[in-house]
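Residue numbers (the working numbering), protein chains in the order written: chain H, 1 to 427; chain S, 428 to 854.
There are 2 protein chains.
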Amino acid sequence: MKSFMDMSQDELLTLKAALEEQFKTEEAKGLSLNMARGKPGATQLAISMPMLDVINSSSDMTTLLGNDTRNYGDWDGIGECRQLLADMMEVKKPNVIVCGNSSLNIMYDTVVRSMVSGVNGETPWCKLDKVKFLCPVPGYDRHFKITETFGIEMISVPMDENGPDMDMVEEYVNGDSAVKGIWCVPKYSNPTGITYSDEVVKRFANLKPAAKDFRIFWDNAYCIHHLYEEIQDKIPNILEECEKAGNPDMVYIFASTSKISFPGSGVSAIATSLTNMEYIKKFMTTQIIGHDKINQLRHARFFKNIDGLNAHMKKHAELMRPKFQAVLDILEEELTGLNIGSWIKPRGGYFISFESLPGCAKAIVAKCKELGLVLTGAGATYPYGKDPNDSNIRIAPSFPTPEEMGEATRMFALCVKLVSIEKLLNA
Amino acid sequence: MKSFMDMSQDELLTLKAALEEQFKTEEAKGLSLNMARGKPGATQLAISMPMLDVINSSSDMTTLLGNDTRNYGDWDGIGECRQLLADMMEVKKPNVIVCGNSSLNIMYDTVVRSMVSGVNGETPWCKLDKVKFLCPVPGYDRHFKITETFGIEMISVPMDENGPDMDMVEEYVNGDSAVKGIWCVPKYSNPTGITYSDEVVKRFANLKPAAKDFRIFWDNAYCIHHLYEEIQDKIPNILEECEKAGNPDMVYIFASTSKISFPGSGVSAIATSLTNMEYIKKFMTTQIIGHDKINQLRHARFFKNIDGLNAHMKKHAELMRPKFQAVLDILEEELTGLNIGSWIKPRGGYFISFESLPGCAKAIVAKCKELGLVLTGAGATYPYGKDPNDSNIRIAPSFPTPEEMGEATRMFALCVKLVSIEKLLNA
């Protein structure tokens, strides 16, 4: 099909009428599909089921160090699970605290702690007139929600295929002492799927923050979540790079097994410098006597080591690839050459990020909803839920089947075309 | 033996010499026993092991409402687990949020949320010059540690066998708008074991707080933790009483299964008014997508209902009673009539609270340590770890065996005698 940009008003009107007929047919199907969140699909949950047999009533419940996982103790996690997550996060075991089931919870607690008690003895953020966070966009809505909830001013930083605009990051971080943090998903980013380049990571490590209590919130949520065996993105170790650059305490790394074992019943961790850990310990040991060590033992024994984790991730990848492929194939087939949208083919992670014509995203999402297709709310990938271009749409292909994803994407493409035509006709 | 108070200096010196010989003998044994914390013993952990078979790889993982416990969702807990804990906490299911593995964590989060974001729209506590909490004493050290960590001023309120001194509570709460909370363990209190009387509970519900954002932190940790079948303490329902008194939002109730299933791998809950829940929801849904629902399912299916919980608690009681009895028997045998200490026989909970002569608790705990007997640090049961009388010692009989408890208590009594004599000789 030829580019919408090259069509006459008449051509657009004719096409519109045809698409509207098609829309009515689709509408009549009464579909109900949810592509709103990065929820693992049923087949993915199934591959982790054997984990539930690993610990049973006849299991030895003690850790390698001989601690009883059924009783109080080990506030920072059992040794074997710390080792497992350290290897996954590519850091050393002493730098890891294994927590509960949610890395989002650790991030939230980290922000709250900084608000009420400060960072390593600096003034609590709640006592300051202004606290700002940088938010590479498009990004993860739940990150932005945390900073919004605590009245932290969010500043959008554009992303390209190498990561955030580092000139802008450096200008803000090095120049403004009210800038206390930045939200990052460095690998297979949510939602664009891009991985930060080596240069970007190193520029992060070499920041010279105006604020002593500036911290990088490095949410490495998709660290081993590759889609392909032959292309696996690697990023430099941010903790080591920060150390080398004389900024040993500047980063908190977060990760979890939510999309490895079970969302909601996995284990999560924070990795950071020993100095930061010492400060965190003071609060965490007041907050909780210890996290769920039986579940930590379950994970450590099921996965055994990083090879076990990677082998398990291969199974996930096999289940995810056809879903991603279905989306990419249909987008390609339906929209290539029309000049009404662009997308990136991700090499890992959970999302495909779609850029529509400016001012069309909200209308596309609304139109999809009329067809029974639920997408992440347009704007969600921006601070305050406001996409200034109204153009970014996050597609989460994990939950439906590949067949459903294909069908859903065809409907999505239909809505993109319809809304784009309306936009062009009204321009 | 006659009262130490009636002994002459010579008699005391003679006895001292004999006790010191005994001490040397005991010291040589090189014992190592920990009675510091309310840790369930090995036999108690064993009775919950069958719970680990309830969920396995062939289990149906959906809730009664058909939600998949392995995936995201149900931020307030799965229905059947909410019902189970509602029945345990004697409240209605809609008033319950089931959280993670730790009620202490919910309490900490509740205080932090109030600090940084206020209570139901009131001024955040961190913006106020002064925030005060009432602390019935002796009380639970981990409660006091939370308020201490956030610089909240703690005011001790004496307890008697009916609960806190309510005249004092009323005077502070109704008269001082800086008083924002009170820590309560209303049943089988930590550490005294006493249960609040009906009148005390009702006076709590009928407080007329000077501060709109005053809240009762009602940690019903031992709600079904009876030691005897024939005497089971009951307390009026504080949530209902508060409603009746026109204070529907004044109380947060906390509980967990830490001392029912596994410490660290149980489930915890908060119960409160729907208005409070609505406010909490805003923060909790930012903090976490959902708690560990597989573990909630495990608990709901294992215990089935409140009868299942109570039947399980009977087994715990059978294991706990001989340990408590061993302590009480030896205290009785060794110390009765000496006028150097007093204690209460608890009807439930996890502790026996010992009152030594004033100024002796620290020295007794130190002396016990020389014999390899670790007790909770003297003073821990008071705000800031400072017992003004230096007289309260918390004994936790759950972890050792009954035989060990007997032996340990005999050593404890020896130390009490020795330290008391030294005190009397130096008076």
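The beta carbon of each residue, even a glycine, is placed where N, CA and C say it ideally should be. All values reported here derive from a predicted model rather than from experimental measurement.
Consult DSSP for residue i and reduce its assignment to one of helix, strand or coil.
{"i": "TYR649(S)", "result": "coil"}
{"i": "GLU122(H)", "result": "coil"}
{"i": "SER783(S)", "result": "strand"}
{"i": "ASP160(H)", "result": "strand"}
{"i": "ASP68(H)", "result": "strand"}
{"i": "SER268(H)", "result": "strand"}
{"i": "THR489(S)", "result": "strand"}
{"i": "LEU845(S)", "result": "helix"}
{"i": "LYS708(S)", "result": "helix"}
{"i": "PRO136(H)", "result": "strand"}
{"i": "LEU746(S)", "result": "helix"}
{"i": "LYS607(S)", "result": "strand"}
{"i": "MET168(H)", "result": "helix"}
{"i": "ARG37(H)", "result": "coil"}
{"i": "GLU153(H)", "result": "strand"}
{"i": "ILE253(H)", "result": "strand"}
{"i": "SER103(H)", "result": "helix"}
In chain H, which residues lie with their C-beta within 7 Å of the C-beta of residue i?
{"i": "TYR706(S)", "result": "Those do not exist, as TYR706(S) stays about 12 Å from chain H at its closest Cβ, beyond 7 Å."}
{"i": "ASN664(S)", "result": "The contacting residues do not exist; ASN664(S) stays about 28 Å from chain H at best."}
Which residue's Cα is closest to the Cα of residue i: the options?
{"i": "VAL371(S)", "options": "ASN617(S), GLY590(S), GLY717(S) and MET838(S)", "result": "As displayed, chain S neither begins before 428 nor continues past 854, which places residue 371(S) out of reach and without an answer."}
{"i": "PRO373(S)", "options": "ASP503(S), ALA469(S), THR828(S) and ASP814(S)", "result": "Examination of residue 373(S) is not possible in this model, given that chain S is present from 428 through 854 alone."}
{"i": "MET35(H)", "options": "GLU332(H), MET168(H), LEU373(H) and ALA42(H)", "result": "LEU373(H)"}
{"i": "THR43(H)", "options": "ASP213(H), VAL201(H) and HIS316(H)", "result": "HIS316(H)"}
{"i": "ALA221(H)", "options": "THR381(H), GLU148(H) and TYR350(H)", "result": "TYR350(H)"}
{"i": "PRO346(H)", "options": "ALA361(H), HIS225(H) and VAL200(H)", "result": "HIS225(H)"}
{"i": "GLY545(S)", "options": "MET478(S), PHE560(S), LYS520(S) and ASP640(S)", "result": "ASP640(S)"}
{"i": "SER57(H)", "options": "GLU831(S), SER688(S) and ILE715(S)", "result": "SER688(S)"}
{"i": "PRO50(H)", "options": "THR622(S), ILE482(S) and ALA698(S)", "result": "ILE482(S)"}
{"i": "HIS143(H)", "options": "LYS796(S), GLU745(S), PRO810(S) and ILE715(S)", "result": "ILE715(S)"}
{"i": "PHE217(H)", "options": "VAL200(H), THR272(H), SER265(H) and ILE194(H)", "result": "THR272(H)"}
{"i": "LEU239(H)", "options": "ILE231(H), ILE253(H) and GLN232(H)", "result": "ILE253(H)"}
Does residue i pass the burial test, meaning 16 or more other C-beta atoms within 10 Å, or should it be called exposed?
{"i": "ASP198(H)", "result": "exposed"}
{"i": "ALA86(H)", "result": "buried"}
{"i": "LYS686(S)", "result": "buried"}
{"i": "GLU26(H)", "result": "buried"}
{"i": "GLU668(S)", "result": "buried"}
{"i": "ASN389(H)", "result": "exposed"}
{"i": "GLY139(H)", "result": "buried"}
{"i": "LYS2(H)", "result": "exposed"}
{"i": "MET432(S)", "result": "exposed"}
{"i": "SER435(S)", "result": "exposed"}
{"i": "LEU479(S)", "result": "buried"}
{"i": "SER475(S)", "result": "buried"}
{"i": "SER32(H)", "result": "exposed"}
{"i": "PRO476(H)", "result": "Here chain H has residues from 1 to 427 only, and residue 476(H) is not among them."}
{"i": "LEU459(H)", "result": "Nothing about residue 459(H) can be read from this structure; chain H reaches only from 1 to 427."}
{"i": "LEU784(S)", "result": "buried"}
Interface residues of chain S around residue i at Cβ under 7 Å?
{"i": "PRO263(H)", "result": "ASN498 and TYR499"}
{"i": "SER102(H)", "result": "ILE715 and ILE716"}
{"i": "VAL179(H)", "result": "Chain S residues near VAL179(H): none, gap ~20 Å exceeds 7 Å."}
{"i": "MET49(H)", "result": "SER484"}
Tell me whether residue i, by its Cβ, gets closer than 7 Å to a heavy atom of the ligand FMN.
{"i": "THR489(S)", "result": "In the structure shown, the ligand FMN is absent, as is every other ligand, since no ligand is present at all."}
Mind listing the chain S neighbours of residue i? Cutoff is C-beta to C-beta under 9 Å, in chain order.
{"i": "TYR108(H)", "result": "PHE710, THR713, GLN714 and ILE715"}
{"i": "VAL374(H)", "result": "Those within 9 Å of VAL374(H) in chain S number zero; the least Cβ separation is about 14 Å."}
Just to make sure I have the definition right: I need the residues of chain S whose C-beta is within less than 8 Å of the C-beta of residue i. Which are they?
{"i": "ARG37(H)", "result": "TYR499"}
{"i": "MET154(H)", "result": "Under the 8 Å cutoff, chain S gives no residues; its nearest Cβ is about 14 Å from MET154(H)."}
{"i": "ASN120(H)", "result": "Ordered by position in chain S, no residue passes the 8 Å Cβ test against ASN120(H), which lies about 15 Å from the chain."}
{"i": "ASN105(H)", "result": "GLN714 and ILE715"}
{"i": "VAL365(H)", "result": "None at all; the shortest Cβ gap to chain S is about 20 Å."}
Using a C-beta to C-beta distance shorter than 9 Å, which residues of chain H count as neighbours of residue i?
{"i": "CYS424(S)", "result": "In this structure chain S extends from 428 to 854, so residue 424(S) is not present and cannot be described."}
{"i": "ILE482(S)", "result": "LEU52"}
Give me the chain H residues within the contact set of residue i, using Cβ-Cβ distance strictly less than 8 Å, ordered along the chain.
{"i": "ASP719(S)", "result": "GLY100, ASN101, GLY264, SER265, ASP292 and ASN295"}
At a CB-CB cut-off below 7 Å, which residues of chain A make contact with residue i?
{"i": "VAL539(S)", "result": "Included in the structure are the protein chains H and S, with no chain A among them."}
Using a beta-carbon distance cut-off of less than 9 Å, what residues from the stretch 306–335 of chain H approach chain S?
None of the residues of the stretch 306–335 of chain H has a beta carbon lying less than 9 Å from any beta carbon of chain S.
Using a Cβ-Cβ cut-off of less than 8 Å, list which residues of the stretch 133–149 of chain H approach chain S; keep chain order.
ARG142, LYS145, ILE146 and THR149
For the stretch 201–218 of chain H, which residues have a CB atom closer than 7 Å to at least one CB atom of chain S, in sequence order?
none
Counting only Cβ-Cβ distances shorter than 8 Å, please list the residues of the stretch 799–828 of chain S near chain H, keeping chain order.
none
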